[in-house]
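Going by my numbering, the first residue of the sequence shown is number 2, and it counts up by one from there.
Here a beta-carbon is modelled for each residue, glycine too, at the ideal position from N, C-alpha and C.
Treat the numbers as computed from the prediction; the structure is a model and nothing was measured.
Below is one structure, written out as structure tokens; comments come after it.
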Amino acid sequence: MAQVQLKQLRKDFAGVPVVHGIDLDIAHGEFVVLVGPSGCGKSTLLRMIAGLEPISGGELRIGGARANDLSPQKRNISMVFQSYALYPHLSVYENIAFGPRTRGEAESDFRPRIEKAAGLLNLTPYLDRLPRALSGGQRQRVAMGRAVVREPALFLFDEPLSNLDAQLRVQMRAEIKALHQRLGNTMVYVTHDQVEAMTMADRIVVMRAGRVEQVGAPLELYDRPVNRFVAGFIGSPAMNFTQGRVHREHGRTWLALADGQTWHLPTSGCTPLLADGQHILLGLRPEHLQLAPEGLALRVILTESTGDKTQIYGTVAGSETPWCVSVHDRVALKAGDVVHLQVRDAASTHCFDAQTERHVGVAAPAPAGHRPSVSSVDSRARGSEGQRHAASIAYSYG
Numbered sequence: 002m003a004q005v006q007l008k009q010l011r012k013d014f015a016g017v018p019v020v021h022g023i024d025l026d027i028a029h030g031e032f033v034v035l036v037g038p039s040g041c042g043k044s045t046l047l048r049m050i051a052g053l054e055p056i057s058g059g060e061l062r063i064g065g066a067r068a069n070d071l072s073p074q075k076r077n078i079s080m081v082f083q084s085y086a087l088y089p090h091l092s093v094y095e096n097i098a099f100g101p102r103t104r105g106e107a108e109s110d111f112r113p114r115i116e117k118a119a120g121l122l123n124l125t126p127y128l129d130r131l132p133r134a135l136s137g138g139q140r141q142r143v144a145m146g147r148a149v150v151r152e153p154a155l156f157l158f159d160e161p162l163s164n165l166d167a168q169l170r171v172q173m174r175a176e177i178k179a180l181h182q183r184l185g186n187t188m189v190y191v192t193h194d195q196v197e198a199m200t201m202a203d204r205i206v207v208m209r210a211g212r213v214e215q216v217g218a219p220l221e222l223y224d225r226p227v228n229r230f231v232a233g234f235i236g237s238p239a240m241n242f243t244q245g246r247v248h249r250e251h252g253r254t255w256l257a258l259a260d261g262q263t264w265h266l267p268t269s270g271c272t273p274l275l276a277d278g279q280h281i282l283l284g285l286r287p288e289h290l291q292l293a294p295e296g297l298a299l300r301v302i303l304t305e306s307t308g309d310k311t312q313i314y315g316t317v318a319g320s321e322t323p324w325c326v327s328v329h330d331r332v333a334l335k336a337g338d339v340v341h342l343q344v345r346d347a348a349s350t351h352c353f354d355a356q357t358e359r360h361v362g363v364a365a366p367a368p369a370g371h372r373p374s375v376s377s378v379d380s381r382a383r384g385s386e387g388q389r390h391a392a393s394i395a396y397s398y399g
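Structure representation (structure tokens):
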């Protein structure tokens, strides 16, 4: 069993705290992704689990045993780094065999494991090749093969796809996920790429400044972010935000924007919780917006077409950054054009308190160690989809 438990885990550098008391339970066989911007502490946390970075405080348990002071080789782990770190003069087979040989294992013991790992990773035809004869994706598979042949209880990945081009990253994402499904081992994966996190993880741990912001299944974080940071980090393109003041009149809720527009907010999970006069940040994802004859005005800056869809970037009153609208149409727009927007679904409207930046309609997150069952996550995802219905937002101009 490779359950991993972090209890108030801390890391200080020269007396400066960089990881602040993290609590997290990772179940046996779970694929957990640590994600966040550069400098958030995700790689430091992974290195603490690996034993490559001393722990300043708290407790780390692997398989139920305290691991704070265990050397890396005694933790029964394998780690795959961003750098392939292959020996250029050794064949694929010799690179994979390097670890077992260094540990003094007999060839008869590790050869079957290498052949099995090569089969899992589609490396069998390349076992006699040198690294220079391999593609970037094949080299990364060799690095993964070295980890697999050790037969660890826990796999750690530190941004293993960062050196690959976009097409190879997509391919290797699928291969790593398939490897996890075949092996069933516990895996902890670090990345700054939220697309990798969304497509690969059983659970995502979103970090910022050495702290955990939210832990949950990918769709849970996408649908119910606890604050503006998580909402803006999860999802690509990122969520759009605009600031305004809530105004209630005749049982309806409006948002007054900086340029005088007043926006009728539809009834959603957060709308009934808003107070008259409250300053909020309204969050809407690009894919939840559509062009309409009337609605919120957006002045076009540029458009990007990818064939199946068009992304429209422009300015909206009350927003500090350009908005993005993703539509499944080919539209002919130029800089300076003004288009109008409506929301596809009232349930996709997010409201954040302007001061605390916490989501008005989402309760405080459960402790980081809480792990809902797969069935409960699936039913919750199905429920949120079922509750969605066609809706539009009416606008008026003051």
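Comparing alpha-carbon positions, the option among N69, M188 and I63 lying closest to R11 turns out to be N69. Put simply, the region 227-234 touches the region 340-354. At least three CB pairs are less than 8 Å apart. Partner residues in the beta bridge of G58, as assigned by DSSP, are R11. About 4 Å separates the beta carbon of A3 from that of T187, a gap short enough to meet the 8 Å contact definition.
The straight-line gap separating the alpha-carbon atoms of G120 and P238 is approximately 37 Å. Shown here, S327 sits in a strand according to DSSP, grouped into three states. Bounds of the alpha helix (DSSP H) holding Q139 are G137 to V150. Annotation for G138: L165, L169, Q172 and M173 place their beta carbon closer than 7 Å to its own, counting only its chain and skipping 5 residues before and after. With 16 or more other CB atoms across the displayed protein chains lying within 10 angstroms of its CB, Q262 is buried.
With fewer than 16 other Cβ atoms inside 10 Å of its own Cβ, S306 counts as exposed.
For the pair V34 and A198, the CB atoms are nearer than the 8 Å cut-off. In the structure shown, the three-state DSSP call for V231 is helix. For S92 and G233, the gap between their C-alpha atoms comes out near 45 Å. Per DSSP, R102 is one residue of the alpha helix (DSSP H) stretching across V93 to T103. Distance from the CA of E106 to the CA of V361, rounded to the nearest whole angstrom, comes to 58 Å. For L258, the closest of A118, Q244, G270 and P323 by C-alpha to C-alpha distance is Q244.
The distance from the Cβ of R147 to that of N96 is about 7 Å, consistent with a contact at the 8 Å cut-off. Under the DSSP definition of a beta bridge, E250 partners with R253. If you look at E305, you'll find it in the beta strand (DSSP E) that goes L297 to S306. Straight-line spacing of the CA atoms in C41 and V191 works out to 11 Å.
Here DSSP, grouped into helix, strand and coil, assigns R114 to helix. Here Q291 is not near Q215, since their CB atoms are 8 Å or more apart.
The criterion of a C-beta distance shorter than 8 Å is satisfied by L299 and G315. Closest option to D24, judged by alpha-carbon separation, among P126, Q6 and S57: Q6.
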